[in-house]
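J.: Numbered by this note's numbering, the letters in the sequence shown go through residues 646 to 991 in order.
Glycine is no exception: its CB is placed at the ideal position from the N, C-alpha and C atoms.
This is the structure I want to talk about, given as structure tokens.
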Amino acid sequence: MINPTYENVHNQFKLNGFHLNREDLCRVAYSFIKEGEDFEKPVGDFLLDWFDSKSYIEMQTSGTTGAPKIISVSKQAMVESALATGDFFELHPGNRALQCLPVKYVAGKMMLVRAMILGLDLEFVAPSSHPLDHLDMDFDFVAMVPLQAQNSLVELKRVKKMIVGGAAINKNLEKQLLKLPTQVFETYGMTETITHIAARKLGEKAFTVLPGVTISYDDRNCLVIHAPRISDDVIVTNDIVELVNENQFVFLGRMDNVINSGGIKLIPEQIEEKLAHKINQRFFITSKPDAELGEKVILVVEGEKHDLGDDLYNELDKYEKPKEIIFINSFKETGSGKVMRKETMQ
């Protein structure tokens, strides 16, 4: 297709085995809204929004980095994002993809857009924590959140390439995924960048940016994203990074999470990485006010109280060692499974 635009649907696009053009998709959208199942109604709404006369779509941000808000996103920018993903992951017309993410969020919307623009053969199922359970087909490209990937380890041999986003992949899951023949990538992005602008192949440390994206960092060492095809504005993040080169960066942690303990600045995510192979359940590092240190480091673990072993802090520096351990029955999380630290502590 020459210069794809949001007004066109690739002639090789299929939805659940059927070739559908723009008019067909509008008919499908009406039937989804009128008599579809709960997970199909948002798809109907999205398709009608996609094919209306406006050049933009309104989307809600996830609320991970602040209160959820509605933003306007250009449809052509979504097309450009889909094309960049197609280039980066070498997707071709006719490749079979799985849509198992809720279309309420940007990641689910973008799987539909990629399929329509790149001419993918899209299998569309109800979002669930075991998305491959009742499917016996092979897939070229799949997007999941970490919980879905964790629950699909046995079936993933039927998937060539998978992207995992919405929340970080923990070290234990990464080890299990590396044993599979599937090429797995962790993605980096946000609603404002129309899903991912970079991806990290599991086993590698650095994220590599997609075509058309360049990066730098500001005086806080936080990532600055230049993606002119996707956003007119330069996007300044709160993510502390180490730049490898103009196309690659290593994610270190979030500025919002940084702890200042006795004048030493600590990045919780780096402490968590050192503890990852020693704690079997979910956990995170945060802080509490302290009269002497300003802030003291604490370890928060999900589940019943139990002994974590004498050698727990062996690999930590003196300042990194938590002064207290708190057990919480269950963490608060976003729809994609990302732990909400502040809400959990409240």
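Please report the straight-line C-alpha distance between C601 and G739, rounded to a whole angstrom.
T.: Given that the chain is displayed from residue 646 to residue 991, the structure contains no residue 601 and the question cannot be resolved.
J.: If we require 3 or more residues per run, which beta strand (DSSP E) segments fall completely within the stretch 829–860?
T.: Runs of the beta strand (DSSP E) inside the stretch 829–860: 840–846, 852–854.
J.: Could you work out which residue in E891, C867, H871 is closest to N883 when comparing CA atoms only?
T.: Checking every option, the nearest Cα to that of N883 belongs to C867.
J.: Does the count of Cβ pairs from the stretch 917–928 and the stretch 811–827 closer than 8 Å reach three?
T.: Taking 8 Å as the limit for Cβ pairs, the verdict is that the stretch 811–827 does touch the stretch 917–928.
J.: By the DSSP assignment, the beta strand (DSSP E) with L911 in it spans what residues?
T.: Start and end: 909–911.
J.: Look at the alpha carbon of M646 and the alpha carbon of I971, and state the distance between them as a whole number of angstroms.
T.: The pLDDT assigned to M646 is 47, lower than 50, so where the model puts this residue is not dependable; a value taken from the coordinates is nonetheless given after this. Using only the alpha carbons, I get a separation of about 56 Å.
J.: Is K923 helix, strand or coil by DSSP?
T.: Three-state DSSP puts K923 in coil, outside helix and strand.
J.: In this structure, what does DSSP give as the bridge partners for N890?
T.: Answer is Q893.
J.: Is there contact here, the stretch 796–807 with the stretch 660–670, by at least three beta-carbon pairs under 8 Å?
T.: Segments in contact, no.
J.: Measure the alpha-carbon distance for M761 versus F769 and round it to whole angstroms.
T.: Each residue's Cα considered, the two are about 13 Å apart.
J.: Would you kindly report the start and end of the unbroken alpha helix (DSSP H) that includes T989?
T.: Looking at the DSSP string, the run of the alpha helix (DSSP H) that includes T989 is 986–990.
J.: Quick check: the Cα distance between E940 and I909, rounded to an integer number of angstroms?
T.: Going by the C-alpha atoms only, they are around 10 Å apart.
J.: Would you grab the beta carbon distance between P791 and G982 for me? Rounded to a whole angstrom, and I think it's under 8 Å.
T.: With a Cβ gap of about 6 Å, P791 and G982 count as contacting.
J.: How far does the beta strand (DSSP E) with L868 in it reach, from first residue to last?
T.: Start and end: 867–871.
J.: Who pairs with M704 in a beta bridge, going by DSSP?
T.: M704 pairs with I716.
J.: Which class does S876 belong to by DSSP, given the choice of helix, strand or coil?
T.: In the structure shown, S876 sits in coil (DSSP, three-state: anything other than H, G, I, E or B).
J.: Measuring only the C-alpha atoms, how far is L728 from T838?
T.: Approximately 14 Å, taken between the alpha carbons.
J.: DSSP on I916, reduced to helix/strand/coil?
T.: I916: helix per DSSP, three-state reduction.
J.: Quick one: give me the first and last residue of the beta strand (DSSP E) that N905 is part of.
T.: First-last of the beta strand (DSSP E) with N905: 904–906.
J.: Just checking, does the stretch 720–734 make contact with the stretch 747–766 on the three C-beta pairs under 8 Å criterion?
T.: Contact between the stretch 720–734 and the stretch 747–766 is present, because at least three Cβ pairs lie under 8 Å.
J.: Check this for me: beta carbons of R899 and I880, under 8 Å apart or not?
T.: Not closer than 8 Å, so no.
J.: Taking its Cβ as the centre, do 16 or more other Cβ atoms sit within 10 Å of A752, making it buried, or is it exposed?
T.: Classification of A752: buried, given that the 10 Å Cβ count is 16 or more.
J.: With contact counted as at least three CB pairs below 8 Å, one residue from each stretch, are the stretch 848–868 and the stretch 768–783 in contact?
T.: These segments do not touch.
J.: Between the C-alpha atoms of Q705 and W695, what's the straight-line distance to the nearest angstrom?
T.: Going from the Cα of Q705 to the Cα of W695 covers about 16 Å.
J.: Less than 6 Å between C-beta atoms, sequence neighbours within five positions excluded: which residues of the same chain meet that for R741?
T.: Result list for R741: D766, F784, D785, in chain order.
J.: Would you kindly check if the distance between the Cβ of E652 and the Cβ of R874 is under 8 Å?
T.: No, they are not a contact pair.
J.: The beta strand (DSSP E) spanning D956 covers which residue range?
T.: It is not in any beta strand (DSSP E) - D956 carries neither H nor E in the DSSP assignment.
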